[in-house]
């Protein structure tokens with residue numbers, strides 16, 4: 001996951017305004033999430049290299065000047081080596097409208113920068129296969145990024161929600177509520 005380009009202000013690193021969002025009076029880092037689904041409606045998950053047993057979707061900070069879908073496309077490439085136009089059968093479908101329920105608390109370096117956590121902003125991609133996605137992925141870290149995942153797999157929504165890091169479960173549940181109707185229409189040919 002690439003860190004957003006940081007603006008310098010008096011020697012301190014601060015998040016630029018367009019890379020953060022205010023929700024409920026708190027500042028959150030805008031974070032693009034690539035929600036890849038297959039013809040069965042299953043979603044692509046990767047096992048985090050820094051948290052064995054914790055799975056999630058490719059995601060990372062939205063950089064200055066990037067749209068939600070451009071950031072999700074970049075993160076998808078950096079973390080699993082896939083991108084529309086280069087990966088057979090992969091297409092960008094739609095952005096899921098941002099929702100306050102996509103926010104989750106996170107400490108560490110985010111808190112040091114005055115951020116309450118991150119707001120996930122989901123973009124939908126369709127991969128036209130139910131086969132094991134591993135051969136289509138490069139998990140070594142692309143475009144100079146470090147390895148994010150050790151392996152990938154398809155998962156049902158229930159599996160995705162239970163396998164993700166606990167603080168992200170709420171955003172994943174809300175993403176399911178908003179994304180599943182779009183996915184079902186897409187798979188039914190109602191693009």
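Residue numbers (the UniProt record's numbering): 1 to 191.
Glycine included, every Cβ here is placed at the ideal spot set by N, Cα and C.
Just so it is clear, the structure is predicted and the values come from calculations on it, not from any experiment.
Please report how far the alpha carbon of residue i lies from the alpha carbon of residue j, in whole angstroms.
{"i": "residue 92", "j": "residue 130", "result": "17 Å"}
{"i": "residue 23", "j": "residue 158", "result": "27 Å"}
{"i": "residue 112", "j": "residue 27", "result": "12 Å"}
{"i": "residue 69", "j": "residue 126", "result": "13 Å"}
{"i": "residue 36", "j": "residue 25", "result": "31 Å"}
{"i": "residue 106", "j": "residue 176", "result": "21 Å"}
{"i": "residue 41", "j": "residue 152", "result": "16 Å"}
{"i": "residue 102", "j": "residue 50", "result": "22 Å"}
Pull up the CB-CB distance for residue i and residue j, whole angstroms please, since I reckon it's below 8 Å.
{"i": "residue 55", "j": "residue 47", "result": "5 Å"}
{"i": "residue 64", "j": "residue 16", "result": "6 Å"}
Closest to residue i by C-alpha separation, out of the options, would be which residue?
{"i": "residue 53", "options": "17, 165, 121 and 143", "result": "165"}
{"i": "residue 20", "options": "95, 36, 114 and 81", "result": "114"}
{"i": "residue 104", "options": "39, 82 and 173", "result": "173"}
{"i": "residue 82", "options": "181, 58, 178 and 179", "result": "58"}
{"i": "residue 72", "options": "38, 101 and 121", "result": "121"}
Just curious, the beta strand (DSSP E) that residue i is in, first and last residue?
{"i": "residue 21", "result": "20-23"}
{"i": "residue 47", "result": "43-48"}
{"i": "residue 91", "result": "90-95"}
So the alpha helix (DSSP H) residue i belongs to, where does it begin and stop?
{"i": "residue 162", "result": "157-163"}
{"i": "residue 71", "result": "68-80"}
{"i": "residue 28", "result": "It is not in any alpha helix (DSSP H) - residue 28 instead sits in the beta strand (DSSP E) that spans 26-37."}
{"i": "residue 187", "result": "169-187"}
Notebook entry, point to check: How do the segment 153-171 and the segment 60-79 stand: do at least 3 beta-carbon pairs fall below 8 Å, yes or no?
Noted result: no
Item checked: Cβ contact check for the segment 135-150 and the segment 79-89: 3 or more pairs under 8 Å -> yes
Item checked: Three CB pairs or more closer than 8 Å across the segment 30-44 and the segment 143-150 -> no
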